[in-house]
Structure formats: C-alpha cells, structure tokens
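K.L.:
According to the working numbering, the sequence shown is numbered sequentially starting from 89.
Could you have a look at this structure, given as structure tokens, before my questions?
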Amino acid sequence: MTTFNFCAGPAMLPTAVMQQAQQEFINWQQQGCSVMEISHRSKPFIKVAAEAEQDLRDLLQIPDNYKVLFMHGGGRGQFSAVPLNLFQAAANATKSSADYIVSGAWSKAAVEEGHKYGKLNVQDIRHTTDAGLRTITDPSQWQLNSNAAFVHCCPNETVDGVEFTGLPQTDVPIVADLSSTILSRPIDVSRYGVIYAGAQKNIGPSGLTLAIVREDLLPAANAAIPAVLDYRLAADNDSMFNTPPTFAWYLAGLVFKWLKQQGGITEMATRNQEKASLLYDYIDKSDFYSNDVVKAYRSWMNVPFFLGDERLNDMFVEQAQQHGLLALKGHRMVGGMRASIYNAMPLEGVQTLVSFMQEFERVNG
Ligand code: PMP
89 MTTFNFCAGP
99 AMLPTAVMQQ
109 AQQEFINWQQ
119 QGCSVMEISH
129 RSKPFIKVAA
139 EAEQDLRDLL
149 QIPDNYKVLF
159 MHGGGRGQFS
169 AVPLNLFQAA
179 ANATKSSADY
189 IVSGAWSKAA
199 VEEGHKYGKL
209 NVQDIRHTTD
219 AGLRTITDPS
229 QWQLNSNAAF
239 VHCCPNETVD
249 GVEFTGLPQT
259 DVPIVADLSS
269 TILSRPIDVS
279 RYGVIYAGAQ
289 KNIGPSGLTL
299 AIVREDLLPA
309 ANAAIPAVLD
319 YRLAADNDSM
329 FNTPPTFAWY
339 LAGLVFKWLK
349 QQGGITEMAT
359 RNQEKASLLY
369 DYIDKSDFYS
379 NDVVKAYRSW
389 MNVPFFLGDE
399 RLNDMFVEQA
409 QQHGLLALKG
419 HRMVGGMRAS
429 IYNAMPLEGV
439 QTLVSFMQEF
449 ERVNG
C-alpha cells in the first residue's frame with residue numbers, strides 16, 4: 089500500500105531523494121564510507137556544502153548581500169538568535185526595542201523567548217469575524233514603530249493554519265520565521281532582513297536550521313552572544329565554526345537539486361496551490377467537515393479541519409491510517425485534524441485523502 093505522511097514536521101521528504109540517499113548511504117561517492125562519516129572540512133563535503141548553498145541561492149534568488157547560514161538549534165534556536173544578534177547589530181543606532189507580530193502559536197512562542205533579550209512591542213493581530221471565523225489584520229495595517237531594531241513575524245503558522253503573503257511597508261528590517269513555508273512559493277528575499285527556517289518541513293531532516301541574513305545586520309565581532317548562535321561567527325566561518333549537522337546539510341542539498349529538477353519554486357507554487365485548493369474546496373462543500381480560517385489567510389501548507397461530530401475523531405484517524413494516510417491528528421492546542429501538505433506531498437496524496445474523507449462522510453455522515 090502506498091502511504092502518504094501528513095506530519096507537520098519532521099515531515100515527509102521526496103521519495104526520489106530518499107531513494108538516492110539510501111543508495112549512497114554506505115558508500116558515498118566511492119569514498120568507502122557514508123557522507124555522515126567524513127570530516128566537514130574534507131574537500132568532498134565542502135563541495136556538497138557549497139553546492140547546497142548555491143542551489144538554495146538559485147531557487148530563492150538570494151541577493152549577494154545576504155549570507156546563507158546553516159545552523160543548529162531549530163526554529164526555537166532562532167527565537168533566541170534573532171534578538172541576540174539583531175539587538176547587538178542595532179546597538180550603535182540605540183535601537184533597543186523590536187516589534188513582534190503575533191498571528192498564532194509560533195509567533196507567540198517567539199515573543200516568550202524574545203522578552204529575555206530586549207524590549208518587545210507585541211501586537212496580537214488575531215481576530216474572530218462576526219461569522220466566527222479566525223482571521224488576522226493584514227500586514228498593510230500593522231502599527232509599526234519606525235525606531236524598532238526589527239519587526240518579527242511568522243508568515244505561516246503551522247499550528248493555526250494561518251498564512252499571510254504580504255509584508256508591511258517599513259524601513260525596519262523584517263525578520264520572518266518561514267519554517268513551514270520556505271520554498272513553497274517564490275518570495276522577494278530583498279524585502280527581508282532575516283529569514284529563518286527549521287529544516288524539518290520543506291528542506292530536509294531536523295537538526296539543520298537555515299538563516300538568511302542581510303549583511304548589514306551581522307552583529308559586531310566579539311559580541312556577547314553564545315558562539316553557536318552568533319550570525320557573524322557563522323558567516324565568517326562558512327557555517328563551520330563548530331561541526332555542522334552534516335548529514336542534514338547533505339540531504340537538504342539533495343532536496344534543493346530535486347526542487348530544481350521539478351521546475352523550481354514557481355512550479356512548486358502551482359502544485360501547492362492546486363493541492364490546497366482541492367482540499368479546502370472539498371471541506372467547504374461538505375457539511376461534515378469544516379475549516380474556520382477566512383479564505384484570504386488560509387495556509388497552503390498546513391490545513392486544520394474539524395469533523396462536525398468530534399466523537400468520530402479517533403475513528404477517523406485510525407481508519408485513515410489503515411488507508412495509508414498517516415499523522416492526520418490535529419495539534420493538541422487546536423484539536424480536530426491537520427493535513428500538512430508540503431512540497432514533498434504529491435497531488436495524489438491529497439486526492440487519496442479527499443477520497444477517504446468522502447467515503448468516511450458517506451458512512452458516518
Ligand atoms: N516556527 C514554526 C513556524 C514552526 O512550525 C516550528 C516547529 N513546528 C518552530 C518554529 C519550532 O521549531 P523547532 O522545533 O525546530 O525549534
């Protein structure tokens with residue numbers, strides 16, 4: 089039976105990539121050992137690392153004045169790294185506060201961490217419409233402080249299933265947690281000061297974290313920042329100040345090559361939109377299932393949905409699993425179901441899910 093894994097992260101990776109990694113697992117490039125058993129400073133690994141960076145630069149069209157950092161620590165590591173680095177970088181300009189936009193669970197968690205390192209002006213943009221739907225204030229309407237060191241936001245909220253694509257008009261550097269939406273559609277990198285993302289959704293295995301940092305936002309050398317979170321140290325050492333997560337970096341490189349072969353992220357955007365529309369259209373037509381996010385802010389990547397009768401939840405998850413549809417149980421904070429449909433999820437996976445949902449509705453509706 090073909091299985092489709094809807095886990096929010098660590099998420100499924102492209103089958104072709106997994107097969108290639110499997111083939112070269114024991115004896116990589118005739119080295120007589122695995123890529124995870126060689127030095128990060130060896131020539132073959134440095135080539136892998138440099139190619140992965142270049143492929144990512146090509147895919148996202150990253151301008152030359154941005155550093156691409158391959159770091160440890162996940163999204164939460166960046167919740168600390170961002171204020172630690174950016175408050176330092178802005179210290180000369182006496183900018184000691186930052187704007188933090190809250191659009192869901194992860195941007196809220198970033199606030200809780202950021203408070204440790206400076207003054208935050210927190211703006212919760214979540215609302216409920218008269219019809220009881222969840223929505224957010226559009227980025228064009230955010231109240232921003234022109235003297236802030238940076239503005240932090242999370243354009244795709246993995247738990248809440250809320251996504252915005254616009255950005256505010258501001259001269260303040262925009263810092264975006266793109267953990268669950270990076271590479272799902274084209275973006276204009278030059279509009280951001282920092283982009284960061286944990287790898288385990290659209291990039292590769294967990295353990296690797298990307299930070300794309302505009303050069304003028306690198307902190308001063310010898311800043312009081314834990315060395316492994318220091319953007320300048322990472323940049324000055326080609327992300328090899330300490331031993332990087334080499335296997336995850338290698339696998340991310342394979343994913344980037346796969347993305348290029350598929351036609352790049354413009355093609356991914358077409359596919360992602362098609363997959364998301366298929367699922368949302370079916371949910372909207374059905375009286376049995378619902379999604380409570382206003383259409384303009386629905387996530388392409390994470391689709392939470394609810395059964396009208398919550399008592400059927402466990403049976404839905406169990407039967408879905410028997411049909412090869414894995415990890416559909418919703419996040420504990422939201423309940424219901426959640427289908428995460430990142431780049432690696434083929435259209436066929438969403439079609440199979442919708443067929444299963446139809447049949448479940450027919451029998452239990
Ligand atoms: N930000 C977002 C948007 C996320 O989805 C997650 C994890 N699901 C995190 C941050 C935290 O990432 P990590 O577990 O890698 O620290």
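Note that CB positions come from ideal geometry on N, CA and C, so glycine has one too.
When the Cα atoms are used, what is the spatial distance from residue 381 to residue 127?
P.N.:
Distance between the alpha carbons of residue 381 and residue 127: 47 Å.
K.L.:
Exposed or buried, what is residue 291 when buried is set at 16 or more other beta-carbons lying within 10 Å of its beta-carbon?
P.N.:
Buried is the call here.
K.L.:
Would you call the CB atoms of residue 256 and residue 232 closer than 9 Å?
P.N.:
Against a cut-off of 9 Å, the Cβ pair of residue 232 and residue 256 comes out as a contact.
K.L.:
Runs of 3 residues minimum, wholly inside the stretch 265-332: which ones carry the beta strand (DSSP E) assignment?
P.N.:
The stretch 265-332 contains these whole beta strand (DSSP E) runs: 282-286 and 297-302.
K.L.:
Mapping DSSP to helix, strand and coil, what is residue 173?
P.N.:
Correct three-state label for residue 173: helix.
K.L.:
Comparing alpha-carbon positions, which option in 336, 326, 344 and 315 lies nearest residue 173?
P.N.:
Out of 336, 326, 344 and 315, 315 has the C-alpha closest to the C-alpha of residue 173.
K.L.:
Heavy atom of the ligand PMP less than 8 Å from the Cβ of residue 194, yes or no?
P.N.:
Yes, the Cβ of residue 194 comes within 8 Å of a heavy atom of the ligand PMP.
K.L.:
Quick one: is the Cβ of residue 247 within less than 8 Å of any heavy atom of the ligand PMP?
P.N.:
Yes, since a heavy atom of the ligand PMP falls inside the 8 Å radius drawn around the Cβ of residue 247.
K.L.:
Please list, in chain order, all residues of the same chain as residue 376 whose beta carbon is under 6 Å from its beta carbon, the five residues on each side excluded.
P.N.:
396, 449 and 453.
K.L.:
Quick one: what's got a C-beta closer than 7 Å to residue 308's C-beta in the same chain, skipping five residues either side?
P.N.:
176, listed in sequence order.
K.L.:
Determine the burial state of residue 251: buried for a count of at least 16 other Cβ atoms within 10 Å of its Cβ, exposed for fewer.
P.N.:
Buried.
K.L.:
With C-beta atoms as the reference, is residue 415 less than 9 Å away from residue 95?
P.N.:
Contact: yes.
K.L.:
From residue 111 to residue 242, what distance separates their C-alpha atoms?
P.N.:
Using only the alpha carbons, I get a separation of about 37 Å.
K.L.:
If I follow the unbroken alpha helix (DSSP H) through residue 370, where does it start and stop?
P.N.:
Its alpha helix (DSSP H) spans residues 352-373.
K.L.:
When the Cα atoms are used, what is the spatial distance from residue 169 to residue 205?
P.N.:
Answer to the nearest angstrom: the Cα atoms are 10 Å apart.
K.L.:
Three-state secondary structure (DSSP) at residue 429?
P.N.:
Reduced to three states, the DSSP call for residue 429 is coil.
K.L.:
Please state if the CB of residue 429 and the CB of residue 388 are separated by a distance shorter than 9 Å.
P.N.:
Taking 9 Å as the Cβ cut-off, residue 388 and residue 429 qualify as a contacting pair.
K.L.:
Is residue 244 a contact residue of the ligand PMP, with contact defined as CB to any heavy atom under 8 Å?
P.N.:
Residue 244 Cβ: within cutoff of the ligand PMP.
K.L.:
Just to check my reading of the structure: residue 198 and residue 265 have Cβ atoms closer than 8 Å, yes? What is that Cβ distance to the nearest angstrom?
P.N.:
Yes, residue 198 and residue 265 are in contact; Cβ-Cβ is about 7 Å, under 8 Å.
K.L.:
If residue 214 and residue 185 are in contact, beta carbons under 8 Å, what's the gap, nearest whole angstrom?
P.N.:
Residue 214 to residue 185, Cβ: 22 Å. No contact.
K.L.:
Can you check DSSP and say which residues form a bridge with residue 256?
P.N.:
Looking at the DSSP assignment, residue 256 forms no beta bridge with any residue, so it has no partner.
K.L.:
Please tell me whether, using a cut-off of 8 Å, the distance from the CB of residue 265 to the nearest non-hydrogen atom of the ligand PMP is below it.
P.N.:
Residue 265: yes, Cβ under 8 Å from the ligand PMP.
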